[in-house]
Amino acid sequence: MIALRPLQPAACSSPSIKEEQIRMARRIFLPLLLIGAILFALTIGRYPLEIRDIAAFFQAMAGLKPMAPDRYQLLHNIIVEIRLPRILGAALVGAALASSGAAFQAVFRNPLVSPGILGVLGGASFGAALGILLFGNWALIQLSAFAMGLVAVGVGLLIANMFGQASMIMLVLGGMISAALFTSALSIVKYTADPYEQLPAIVYWLMGSLGGLDMTQIRWAAIPIVGGLMVLALFGRALDALSMGDDEARALGVPAQQVRYGVIGAATLVSALSVSLAGMIGWVGLVVPHVVRLALGPGNARLLPASAFSGAIFLVAADCLSRSITRSEIPIGILTELLGIPAFIIVLRRARQGWT
Numbered sequence: 008m009i010a011l012r013p014l015q016p017a018a019c020s021s022p023s024i025k026e027e028q029i030r031m032a033r034r035i036f037l038p039l040l041l042i043g044a045i046l047f048a049l050t051i052g053r054y055p056l057e058i059r060d061i062a063a064f065f066q067a068m069a070g071l072k073p074m075a076p077d078r079y080q081l082l083h084n085i086i087v088e089i090r091l092p093r094i095l096g097a098a099l100v101g102a103a104l105a106s107s108g109a110a111f112q113a114v115f116r117n118p119l120v121s122p123g124i125l126g127v128l129g130g131a132s133f134g135a136a137l138g139i140l141l142f143g144n145w146a147l148i149q150l151s152a153f154a155m156g157l158v159a160v161g162v163g164l165l166i167a168n169m170f171g172q173a174s175m176i177m178l179v180l181g182g183m184i185s186a187a188l189f190t191s192a193l194s195i196v197k198y199t200a201d202p203y204e205q206l207p208a209i210v211y212w213l214m215g216s217l218g219g220l221d222m223t224q225i226r227w228a229a230i231p232i233v234g235g236l237m238v239l240a241l242f243g244r245a246l247d248a249l250s251m252g253d254d255e256a257r258a259l260g261v262p263a264q265q266v267r268y269g270v271i272g273a274a275t276l277v278s279a280l281s282v283s284l285a286g287m288i289g290w291v292g293l294v295v296p297h298v299v300r301l302a303l304g305p306g307n308a309r310l311l312p313a314s315a316f317s318g319a320i321f322l323v324a325a326d327c328l329s330r331s332i333t334r335s336e337i338p339i340g341i342l343t344e345l346l347g348i349p350a351f352i353i354v355l356r357r358a359r360q361g362w363t
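Residue numbers (the numbering used here): 8 to 363.
In C-alpha cells, the structure reads:
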C-alpha cells in the first residue's frame with residue numbers, strides 16, 4: 008500500500024495539467040491567428056509577395072541577413088510604406104469597434120447596441136466633413152473627427168442629465184438626439200461643400216477607407232486605442248456583476264455608476280479614434296461581439312478581449328478582400344456591410360431562442 012501512494016497525486020494531477028494546457032491554447036489561439044492574418048495580409052496586393060519575402064525583409068531590416076539594396080528598397084516601399092500601415096490600422100480599428108460594441112452591449116444590457124449608441128459616429132462624421140470643408144489637411148481632418156465624436160457623446164450625456172439622474176433609457180435617448188443633431192449638421196456641410204472636390208472627399212470618407220494611413224498616424228493612435236482596450240478588459244468582471252442589476256452589483260462591492268461611466272468613457276475614446284482613422288465602418292461593433300458570445304458564452308471577462316482580437320482579425324481579412332476583389336479598391340465600409348448583414352442574420356437565427 009505504501010508503494011502505491013506516490014502514484015495517486017500523479018493520477019490526480021494529470022487531468023489538471025491537461026486542462027491548463029487547453030486553457031493556455033485557448034488564450035493564445037486568437038493572438039496567433041491575428042499574427043497569421045497580418046502576415047498573410049502583407050502578401051496580398053497588386054505586387055504579390057510570399058511569406059519568405061516578408062521574412063527575408065524583416066531579417067535584413069534587423070541586420071541578420073544581407074539583401075541587395077534595390078530589392079530591400081522595393082520591399083520597404085511595399086511593406087512598410089504601403090501595406091503595413093493599413094493592416095495595422097485595420098487591426099486597431101477592428102479591435103476598437105468590436106470591443107467597444109461588446110462593452111456598450113454589456114453596459115446597456117441590450118444585444119442590439121452598437122458603438123454609435125451615444126452619438127459618437129454622427130459626431131465624428133460631422134467633424135471629418137467639417138475638417139474637409141475648412142482645412143483639407145488629413146491630420147486636421149482626423150483630429151476634428153475625433154474631437155467632434157467626443158463632443159457628440161458629451162452632448163448626449165448632457166441631454167440625459169438635464170432630466171435628473173441619467174438612467175439607461177435617458178442615455179439612449181440623449182445619444183439618439185445627439186446623433187440626429189450632428190447628422191443634420193453633416194447634411195448642412197455636405198450641402199455647402201464644393202461638389203467637385205470637397206463633396207466627393209466627404210462621401211468617400213463616409214464609406215470608410217484605410218488607404219490613406221501612414222505609420223505616423225498608426226503610432227499616435229495605437230497607444231490610446233490599446234490603452235482603452237486594456238481598460239475595457241479590466242472592467243470585464245465588474246460588467247459581469249453589473250449585468251445582474253445595480254443593487255446586486257453594489258452588494259458585491261462594485262460601484263455601479265462609476266463602472267458604467269468608466270466603460271462609456273473608454274469605449275467612446277477607442278470608437279472615436281477608430282472613426283477618425285478609417286471613417287465610417289459599420290457592423291463590426293454589432294456582429295463580432297455576437298459571434299464571440301455564441302462561441303465563448305456571455306462572460307465579459309472573456310468576451311471583451313476575445314472581441315478585440317476577433318474584430319482585428321475580421322477587419323484585416325475584410326481589408327484583404329477590399330483591395331484584391333477588383334482592380335480598384337472597394338471602400339471597406341461597404342464590404343463590412345455586405346459581410347455583416349448575412350452574418351448577423353445567421354447570428355439572429357442561432358440566438359433567437361435566448362431573446363424571446
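Just so it is clear, CB atoms sit at the ideal spot from N, CA and C, and this is done for glycine as well.
Query	Result
DSSP state of E336, grouped into three classes?	coil
Which residue wins for smallest C-alpha separation from A62, given the options L82, I195, G52?	L82
If we call anything under 8 Å between Cβ atoms a contact, is A186 one with I139?	no
In this structure, how does DSSP classify P25 when only helix, strand and coil are distinguished?	The question names Pro, yet the displayed sequence has Lys at residue 25. Here K25 sits in helix by DSSP.
Straight-line CA distance for M214 to R78?	35 Å
Flag this pair as touching only if the region 305–315 and the region 80–95 have three or more C-beta atom pairs under 8 Å; answer yes or no.	no
How is the alpha helix (DSSP H) around G304 delimited, first residue to last?	That residue, G304, is in no alpha helix (DSSP H); it is neither H nor E in DSSP.
I need the boundaries of the alpha helix (DSSP H) containing R267, first residue and last residue.	263–285
Check whether the region 241–249 touches the region 289–308, counting contact only when three or more Cβ pairs, one atom from each stretch, lie closer than 8 Å.	yes
Any idea what DSSP makes of N168, helix, strand or coil?	helix
My output table needs one value for S250: the three-state DSSP class, helix, strand or coil.	coil
Quick one, which of T190, R226, L119, C327 has its alpha-carbon nearest V355's?	Per the sequence shown, the amino acid found at residue 355 is Leu instead of Val. The candidate whose alpha carbon is nearest that of L355 is L119.
Have a look at D60, D326, P76, L157 and flag the residue whose alpha-carbon is nearest the alpha-carbon of A273.	L157
Roughly how many angstroms lie between the CA atoms of F65 and L49, to the nearest whole one?	12 Å
So, using beta-carbon positions, are L128 and S151 closer together than 8 Å?	no
In angstroms with no decimal places, state the Cα-to-Cα distance between A75 and D60.	13 Å
Confirm, please, whether the CB-CB distance from L293 to F351 is below 8 Å.	yes
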